[in-house]
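Asker: Under numbering that gives the first Met the number 0, read the sequence shown as residues 0 to 252, first letter to last.
By construction, the Cβ of each residue, glycine as well, lies at the ideal position given by its N, Cα and C atoms.
Dropping the structure in here first, questions after.
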Amino acid sequence: MADWDHYFQLVQQEDPYHHLRSVHNCGTFYDHTKPWVTHSSVQNGVIGRVPAWRTMYGKPVVIDECGYEGNIQMSWGDLSAEEMVFRFWLGFTLGGYVGHGETYLNPEEVLWWSKGGALRGESPARIAFLRQVFEQAPDLTPIEKLDMENLNLMDGGFQKLRAKFNDLGIPPIAAGGLSSEACGYNLEQGYYLFYYGLHQPAAQMYNLGDGKYQVDVIDTWNMTVETVLEQATGETRVPLPGRKYIAVRIQKV
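Shown next as structure tokens:
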């Protein structure tokens with residue numbers, strides 16, 4: 000580990016351009032809290048851990064290898080396009096950044112993952128659509144999830160954790176917002192982006208409070224945006240398609 004510390008400091012000292020600095024983990028995570036590390040570089044498909052990593056390291060979380068869309072024999076390289084897009088939406092909505100790659104077998108025996116070339120998969124176009132949605136959004140803060148893995152239920156763990164989030168003053172405008180769906184928000188601009196991923200509700204209740212809001216239903220796979228309400232206010236029931244990979248965008252008018 001001392002060698003890794005030395006390499007980091009050497010690069011920081013000798014690089015006049017101040018490139019970003021991190022290390023791509025294999026098994027053990029490097030300590031990203033060290034001052035010469037600019038961000039967490041993560042090789043992991045457990046995207047739901049993004050909030051925990053953000054809290055643990057206090058730095059941007061870049062999942063540069065969440066797995067690959069493809070069909071090779073390795074489990075990390077045989078993801079469906081749907082799974083790849085799901086991981087992107089979940090990672091970005093939770094406040095992280097996710098990298099794309101592709102590993103489809105072909106007669107030339109050239110994997111895009113290692114040698115580039117033409118992309119064959121169905122995820123790139125949908126990732127471009129995701130980028131449009133996030134570029135149109137204001138700066139978002141992810142709603143931190145309740146960390147259910149480390150709760151001590153015998154010591155009032157759930158109640159204590161719930162109280163912590165209540166103290167943040169973030170209104171839970173959707174049922175279960177702190178423990179189920181991913182959400183990014185901007186209170187100043189009255190903007191919320193919910194991603195339901197593998198869940199498929201037929202409707203959702205939102206407590207929008209004062210003001211008027213436009214509600215859009217985003218099909219992240221079919222790349223469509225449908226405005227379902229233009230002047231919503233207060234307790235509002237929003238009909239949803241009842242299928243996977245749906246996001247809901249709420250914007251104050």
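Quick check on Y195: does DSSP put it in helix, strand or coil?
Answerer: It is coil, neither helix nor strand.
Asker: Hey, out of K243, W220, Q188, T223, whose CA is closest to A202's CA?
Answerer: Nearest option by C-alpha distance: K243.
Asker: Rounded to the nearest angstrom, what separates F133 and H198 at their Cα positions?
Answerer: Approximately 21 Å between the Cα atoms of the pair.
Asker: Please state whether DSSP places E229 in a helix, a strand or coil.
Answerer: Strand, per DSSP.
Asker: Please determine, among N70, H38, V214, the residue with the shortest C-alpha to C-alpha distance to W52.
Answerer: Here the closest residue by C-alpha is H38.
Asker: Mind checking whether T32 and G66 have CB atoms under 9 Å apart?
Answerer: No; because the gap between Cβ atoms is not below 9 Å, this pair is not in contact.
Asker: Between the region 96-108 and the region 116-124, can you find at least three pairs of beta-carbon atoms closer than 8 Å?
Answerer: Cβ pair count under 8 Å is three or more, so yes.
Asker: At 3 residues or longer, what runs of the beta strand (DSSP E) sit wholly inside the region 14-75?
Answerer: Within the region 14-75, the complete beta strand (DSSP E) runs of at least 3 residues are 39-42, 60-64.
Asker: Who does M204 pair with in a DSSP beta bridge?
Answerer: For M204, which the question treats as bridged, DSSP gives the partners R236.
Asker: Buried or exposed: A1, going by 16 or more other Cβ atoms within 10 Å of its Cβ?
Answerer: Looking at its Cβ environment, which holds fewer than 16 other Cβ atoms inside 10 Å, A1 is exposed.
Asker: Tell whether a beta-carbon distance below 9 Å holds between V41 and V60.
Answerer: In this structure, V60 lies closer than 9 Å to V41 by Cβ.
Asker: List the whole-angstrom C-beta distance separating G241 from P200, where the pair is believed to meet the contact cut-off of C-beta under 8 Å.
Answerer: Right, their Cβ atoms sit about 7 Å apart.
Asker: Based on Cα-Cα distance, which residue from G95, E180, F128 lies nearest to D138?
Answerer: Closest option to D138, Cα to Cα, is G95.
Asker: So Q135 is in the alpha helix (DSSP H); what residue range does that whole segment cover?
Answerer: 122-135 is the extent of the alpha helix (DSSP H) around Q135.
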